[in-house]
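This report concerns only the one structure given below.
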Amino acid sequence: MWNERLYQRVARADAWAIIGPVWWYGPSKNLKAMFDRLVCMSGGNPRPDLIDKKSTVKAQALEKSPLWRKLTKSA
Numbered sequence: 005m006w007n008e009r010l011y012q013r014v015a016r017a018d019a020w021a022i023i024g025p026v027w028w029y030g031p032s033k034n035l036k037a038m039f040d041r042l043v044c045m046s047g048g049n050p051r052p053d054l055i056d057k058k059s060t061v062k063a064q065a066l067e068k069s070p071l072w073r074k075l076t077k078s079a
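Residue 5 is where the sequence shown starts when you use this note's numbering, and the numbers rise one by one after that.
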């Protein structure tokens, strides 16, 4: 399942429909593993200091800035 073609298909999709069990009000370990792999696929954030490690507001602003394109090309 985890090959380069899958990543390209996921990136091109307009929307995702995720159907699966919910365990203790959270995602299953397989669903979490999928999202962890998708983050690793894109290289993650090479500079966590720019977003105070976990600030979602700063992370979203960084992804929309020109600096993000430069950071992800060099990673």
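Just so you know, even glycine gets a beta-carbon here, dropped at the ideal spot from N, CA and C.
Asked, Found
"Under the three-state DSSP convention, the category L66 falls into", "helix"
"Supposed close pair L42, V14 - CB separation, criterion 8 Å", "7 Å"
"DSSP bridge partner residues for P31 (one or two, in chain order)", "V26"
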